[in-house]
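Protein chains: 2
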Amino acid sequence: MADVRDIPDATVSRLPVYRRSLVQIISTGESTISSADLADLAGVNAAKVRKDLSYLGTYGVRGVGYDAELLLAQIDGVLGLGTEAPVVIVGMGNLGQALAHYGGFQSKGFPIVALVDSSMDKVGQVIDGIVVSHLDDLEHTVREREISVGIIATPGGAAQEVSNALVAAGVRSILTFAPTILQVPDSVPVRKVDLATELQILGYYRHREVTETTDSTDRTA
Amino acid sequence: MADVRDIPDATVSRLPVYRRSLVQIISTGESTISSADLADLAGVNAAKVRKDLSYLGTYGVRGVGYDAELLLAQIDGVLGLGTEAPVVIVGMGNLGQALAHYGGFQSKGFPIVALVDSSMDKVGQVIDGIVVSHLDDLEHTVREREISVGIIATPGGAAQEVSNALVAAGVRSILTFAPTILQVPDSVPVRKVDLATELQILGYYRHREVTETTDSTDRTA
DNA sequence: CCCTGTGAAGCAGTTCACAGCG
DNA sequence: CGCTGTGAACTGCTTCACAGGG
Numbered sequence: 000m001a002d003v004r005d006i007p008d009a010t011v012s013r014l015p016v017y018r019r020s021l022v023q024i025i026s027t028g029e030s031t032i033s034s035a036d037l038a039d040l041a042g043v044n045a046a047k048v049r050k051d052l053s054y055l056g057t058y059g060v061r062g063v064g065y066d067a068e069l070l071l072a073q074i075d076g077v078l079g080l081g082t083e084a085p086v087v088i089v090g091m092g093n094l095g096q097a098l099a100h101y102g103g104f105q106s107k108g109f110p111i112v113a114l115v116d117s118s119m120d121k122v123g124q125v126i127d128g129i130v131v132s133h134l135d136d137l138e139h140t141v142r143e144r145e146i147s148v149g150i151i152a153t154p155g156g157a158a159q160e161v162s163n164a165l166v167a168a169g170v171r172s173i174l175t176f177a178p179t180i181l182q183v184p185d186s187v188p189v190r191k192v193d194l195a196t197e198l199q200i201l202g203y204y205r206h207r208e209v210t211e212t213t214d215s216t217d218r219t220a
Numbered sequence: 000m001a002d003v004r005d006i007p008d009a010t011v012s013r014l015p016v017y018r019r020s021l022v023q024i025i026s027t028g029e030s031t032i033s034s035a036d037l038a039d040l041a042g043v044n045a046a047k048v049r050k051d052l053s054y055l056g057t058y059g060v061r062g063v064g065y066d067a068e069l070l071l072a073q074i075d076g077v078l079g080l081g082t083e084a085p086v087v088i089v090g091m092g093n094l095g096q097a098l099a100h101y102g103g104f105q106s107k108g109f110p111i112v113a114l115v116d117s118s119m120d121k122v123g124q125v126i127d128g129i130v131v132s133h134l135d136d137l138e139h140t141v142r143e144r145e146i147s148v149g150i151i152a153t154p155g156g157a158a159q160e161v162s163n164a165l166v167a168a169g170v171r172s173i174l175t176f177a178p179t180i181l182q183v184p185d186s187v188p189v190r191k192v193d194l195a196t197e198l199q200i201l202g203y204y205r206h207r208e209v210t211e212t213t214d215s216t217d218r219t220a
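Chains as they are written, first to last, in numbering that gives the first Met the number 0: chain W, 0 to 220; chain H, 0 to 220.
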């Protein structure tokens, strides 16, 4: 109902989950799905699904559910998945190399088209069919290959500098694995994935001794 | 002030960020830090820092700030970082291998003590000094090495099965990279890191054309 | 009659603003 | 006088509950 620009952050972050559930449903041959079933697959409750989908301006059919294909197309539209978004990975350490090999990006519309490092040991090496180029050539690389997403897989100390270079080169958004608070212009969205942080957070919840509650509601994630 | 068990989720997820900022401050030789400075380092605002820290029952000193060492110790206490939490990684594909090589865990109190796979190609191989063992031996491995954290780095299809095995073996918490909604008992907290999802979320925010606002407030992450 | 779409209530997290201590 | 600690206001998200369409 609201314009596509007004979707709450919390909803946006669930859209990929719904998307995945829809792909799964479609692959089983179902063409229609209810909010309750979609909620099960996505690990949330049905009211949330309906509220979320209502922001897309999508219309389900009362008494029936949502057309899976149609809904998928709408979500893809909102997430801008219609066109491919070429990706550059900066930092060819263990993590960067693993990401380069990881097939999950290509198949989801995020082809990795460039790999960058600042060490001469790495530059020129071929990883997963791509020649590693030097950080100094980043701007050229980004413009030439029309890269829109930058992934930072460098140590924390280099992250801000790399981020600046990515922004200057014109990437539209950044995914960083560095444990660094990046300063970037408002116009460049950043998502941060921090593995050590995730483990530390688990540390807090782990102590909880279960008192009694082995009942119905499964905690899903 | 409240007991350590009542800290809001949002606060818990920021504690590791404060922690890192404190480590940084201490390394520069400062012994005291104000909420405003800590806020800068952590990329949040000062009121939030003070509110968050108030849940720890920590007392800063009015007119001065917080004792960095003391605060760090308190956070470590809350996050259970006093003792090491041995980790097993299940799934020795690209991601699993990268995680195995990644030094960031060991140094943060999460030593990787076991690697597991279900393929005979992988079992017996030595990665980063650890012999890969078979999924079927998981329970034995977990009990023998007193493993408390399981990391799932398998394809999505195997994730639920691996999760079940980890829970049965007695791990206290799980970090998963599989794009699967896991069903686990309430007593086992799960954090999920999904790389494709992160990129898709960025896709939504990327379209935004900046209208005018190139002003003060930097968007930080 | 089933399932969506949505106002309204409820809850959690954030920000404000200031009293009070060192 | 500076900076913490915290009620109170506010904002945004979730959940409820039901009206209404197919």
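Every residue, glycine too, gets a C-beta built ideally from N, C-alpha and C.
Quick caveat, the model's predicted, so the values are computed rather than measured.
A residue is called buried when at least 16 other Cβ atoms come within 10 angstroms of its Cβ; Val86 of chain W meets this threshold and is buried.
Within chain W, the residues placing a beta-carbon under 8 angstroms from that of Tyr101 of chain H are Asn93, Leu94, Leu194, ordered along the chain.
For Arg190 of chain W, the enclosing beta strand (DSSP E) starts and ends at 189 to 191. Residues of the segment 35 to 46 of chain H that bring their beta carbon within less than 8 angstroms of a beta carbon in chain W comprise Leu40, Ala41, Gly42, in sequence order. With respect to chain W, the C-beta atom of Ala84 of chain H has a partner C-beta closer than 9 angstroms. Beta-bridge analysis with DSSP links Gly149 of chain H to H:Val87, H:Ile173.
About 6 angstroms separates the beta carbons of Ala41 of chain W and Tyr17 of chain W, which is inside the 8 angstroms limit, making them a contact pair. At a Cβ-Cβ threshold of 9 angstroms, Leu198 of chain W and Phe109 of chain H count as neighbours.
Within the segment 9 to 32 of chain W, those residues whose Cβ lies closer than 9 angstroms to any Cβ of chain H are, in chain order, Val11, Ser12, Leu14, Pro15, Val16, Arg18, Arg19, Ser20. Counting other Cβ atoms within 10 Å of its Cβ, Thr82 of chain W stays below 16 and is therefore classed as exposed.
Excluding its 5 nearest sequence neighbours in each direction, Ile32 of chain W has C-beta neighbours in its own chain below 6 angstroms: Ile24, Gly64, Tyr65, Ala67, listed in chain order.
If only uninterrupted alpha helix (DSSP H) runs of at least 4 residues are considered, those enclosed by the segment 66 to 110 of chain W are 67 to 78, 93 to 100. When secondary structure is reduced to three states using DSSP, Ile25 of chain H falls in the helix class.
Between Ser20 of chain W and Leu37 of chain W a beta carbon distance of about 6 angstroms is seen, short of the 8 angstroms cut, so the two are scored as contacting. In this structure, the straight-line span from the alpha carbon of Gly149 of chain H to that of Asp127 of chain H is close to 18 angstroms.
Contact of Ser53 of chain W with chain H is not assigned, every C-beta pair being separated by 9 angstroms or more.
Going by beta carbons, Glu138 of chain W and Gly169 of chain W fall inside the 9 angstroms limit. Straight-line spacing of the CA atoms in Arg190 of chain W and Val3 of chain H works out to 29 angstroms. Bridge partners of Thr31 of chain H according to DSSP: H:Asp66. Within the segment 160 to 177 of chain H, the residues whose Cβ lies closer than 7 angstroms to any Cβ of chain W are, in chain order, Arg171, Ser172, Leu174. Straight through space, the alpha carbons of Val161 of chain H and Ser117 of chain H are spaced by roughly 10 angstroms. Shown here for Val48 of chain H: same chain residues with a beta carbon closer than 6 angstroms to its own, the five before and five after excluded, namely Ser34, Leu37, Ala38 in chain order. The beta carbons of Ser172 of chain H and Tyr204 of chain W sit closer together than 9 angstroms. Not flagged as an interface residue toward chain H: Arg142 of chain W, since no C-beta distance is shorter than 9 angstroms. The continuous beta strand (DSSP E) containing Ile129 of chain H extends over residues 129 to 133. Not flagged as an interface residue toward chain W: Ser132 of chain H, since no C-beta distance is shorter than 9 angstroms. Sequence-distant partners of Ala45 of chain W (beyond 5 residues in either direction) whose C-beta falls short of 7 angstroms from its own C-beta, in its chain, are Ser34, Ala35, Ala38.
Per the C-alpha coordinates, the member of H:Gln73, H:Gly62, H:Leu94, H:Ser53 positioned closest to Gly155 of chain H is H:Leu94.
The Cβ neighbour count for Met91 of chain W, taken over all protein chains shown within 10 Å, is at least 16; the residue is labelled buried. In the structure shown, the three-state DSSP call for Ile6 of chain W is coil.
For Asp51 of chain W, the number of other beta carbons within 10 angstroms of its own is at least 16, and it is reported as buried.
For Glu145 of chain H, the nearest beta carbon of chain W is not closer than 9 angstroms to its own beta carbon. Leu14 of chain H places its beta carbon 9 angstroms or farther from that of Ile88 of chain H. A Cβ-Cβ separation of about 15 angstroms leaves Ala113 of chain W out of contact with Thr153 of chain W under the 8 angstroms criterion. Annotation: the continuous alpha helix (DSSP H) that includes Gly155 of chain H extends over 155 to 168.
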